[in-house]
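Trainee: Add 13 to a position in the sequence shown, counting from 1, and you land on the number used in my numbering.
Note that the Cβ used here is the ideal one computed from N, Cα and C, for glycine as well.
Just passing along the structure, written as structure tokens.
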Amino acid sequence: MKVIWTLEKASIWARDKLQKANVKTFELDVDVLLAHAIKRPRRFVFTYPDYQIPLENMKVFQKSILRRAEREPVHYILNNREFWSLEFFVNGNVLIPRPETEHLIDHFLELISDQKNEKSSLEILDIGVGSGNISITVLKELPLIKVTAIDISADALEVAKRNAKNHGVLNRIQFCLGDLFPKGGLFPERFDFILSNPPYIAASEFDSLEPEITCFEPKVALISGKTGLEVYERLILEALLRLKFGGYLILEIGDGQLAQVKSLIDESRGFDKVSTVFDYAGKPRTISARRKING
Ligand code: GLN
14 MKVIWTLEKA SIWARDKLQK ANVKTFELDV DVLLAHAIKR PRRFVFTYPD YQIPLENMKV
74 FQKSILRRAE REPVHYILNN REFWSLEFFV NGNVLIPRPE TEHLIDHFLE LISDQKNEKS
134 SLEILDIGVG SGNISITVLK ELPLIKVTAI DISADALEVA KRNAKNHGVL NRIQFCLGDL
194 FPKGGLFPER FDFILSNPPY IAASEFDSLE PEITCFEPKV ALISGKTGLE VYERLILEAL
254 LRLKFGGYLI LEIGDGQLAQ VKSLIDESRG FDKVSTVFDY AGKPRTISAR RKING
């Protein structure tokens, strides 16, 4: 007998699968994946429980639920993540942009609002571009500026390029493959701003994270080394050589890292005007420091 899959029946089947796989957000995930499979808005799923799902769409849905039950993140299944109200293509080669990173953008916009010079001439560098969320958001916010974007992964750069194209900013972004600051002289010598959400997880901490992260997100984008501070150590020192006098370094920081990152900045002796931005949960998320004007 041919099974007829209504939205209600499909939801019950899928919720059960995901619940058994310990997916905490199983209800939301089912609705999102179901809406995606039938190409309708989410409210359609709640409004028409008796709607019969066409076979092709049901197959898509079943596949996506099986992937989710393996703990693959919804955003990789959908190949999409929203950041700063912009849509980004994502796959397993890039970190899924996190809402916390929007604080870095906020802080950057606040700092440039005090800049006296012409904003269009600002030189901006994004280290660890990933999906391109930081660079592209900045380019969308400031329609005249250009950005240099570096990543250690060529596959990540492909994703960032695709997103830059989708957002119509490909002509204002220069991509560069490298481990923090590449030796070659592709980009301007010195920058007004260096922005980065670097890898900051300690290797020992990694395994205790959720499987969505440990099994699917790129380790190179997440793990810094033994302590989690290794990339900051290099980044802070090298950034000093790449910032203009009075230029700013803006970094995302991990939970509990504020004091250590602050001391790395102080120890470098090259920065002043250090400030911290807290997220909505009250945790320090972003830190910025200015390269001393006469340093
Ligand atoms: N810039 C990207 C983000 O903020 C990627 C960061 C990374 O790969 N560490 O999500």
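According to DSSP, Ser-301 sits in a beta bridge with which residue or residues?
Mentor: Ser-301 is bridged to Ile-263, Ser-288.
Trainee: Output needed for Gly-143: all residues of its chain with C-beta closer than 8 Å, excluding positions within five of it in sequence on either side, in chain order.
Mentor: Result list for Gly-143: Val-107, Leu-108, Pro-110, Asp-164, Ala-169, Val-172, Ala-173, Asn-210, Ala-234, in chain order.
Trainee: Note the first and the last residue of the continuous alpha helix (DSSP H) segment covering Gln-32.
Mentor: 20 to 33 is the extent of the alpha helix (DSSP H) around Gln-32.
Trainee: When you measure from the CB of Leu-108 to every non-hydrogen atom of the ligand GLN, does any distance come out below 7 Å?
Mentor: Leu-108: yes, Cβ under 7 Å from the ligand GLN.
Trainee: Would you report the Cα separation of Gln-187 and Gly-259, rounded to the nearest angstrom?
Mentor: Taking the straight line joining both Cα atoms gives about 23 Å.
Trainee: Does DSSP put Lys-37 in a helix, in a strand, or in coil?
Mentor: DSSP places Lys-37 in coil when its eight states are reduced to three.
Trainee: Find out if the Cβ-Cβ distance for the pair Phe-204, Lys-257 is shorter than 8 Å.
Mentor: Closer than 8 Å, so yes.
Trainee: In or out: Ile-78 buried (at least 16 other Cβ within 10 Å) or exposed?
Mentor: So Ile-78 ends up on the buried side.
Trainee: Let me check you understand the geometry: is the CB of Thr-114 closer than 7 Å to at least one non-hydrogen atom of the ligand GLN?
Mentor: Yes, the Cβ of Thr-114 comes within 7 Å of a heavy atom of the ligand GLN.
Trainee: Evaluate Arg-55 with the Cβ neighbour count: other Cβ atoms within 10 Å of its Cβ, from every protein chain shown; 16 or more gives buried, anything less gives exposed.
Mentor: Label assigned to Arg-55: exposed.
Trainee: Using DSSP bridges, identify the partner residues of Thr-161.
Mentor: Answer by DSSP bridge pairing, in chain order: Leu-138, Gln-187.
Trainee: Run through the region 72 to 104 for me and flag every whole alpha helix (DSSP H) of 4 or more residues, listed as ranges in chain order.
Mentor: DSSP runs (the alpha helix (DSSP H)) wholly in the region 72 to 104: 87 to 91.
Trainee: Return yes when the Cβ of Trp-26 is within less than 8 Å of the Cβ of Met-71, no when it is not.
Mentor: For Met-71 and Trp-26, no; Cβs fall outside 8 Å.
Trainee: Where does Lys-59 land, buried or exposed, given buried means 16+ other C-beta within 10 angstroms?
Mentor: The question names Lys, but residue 59 in the sequence shown is Phe. Answer is exposed; the Cβ neighbour count stays below 16.
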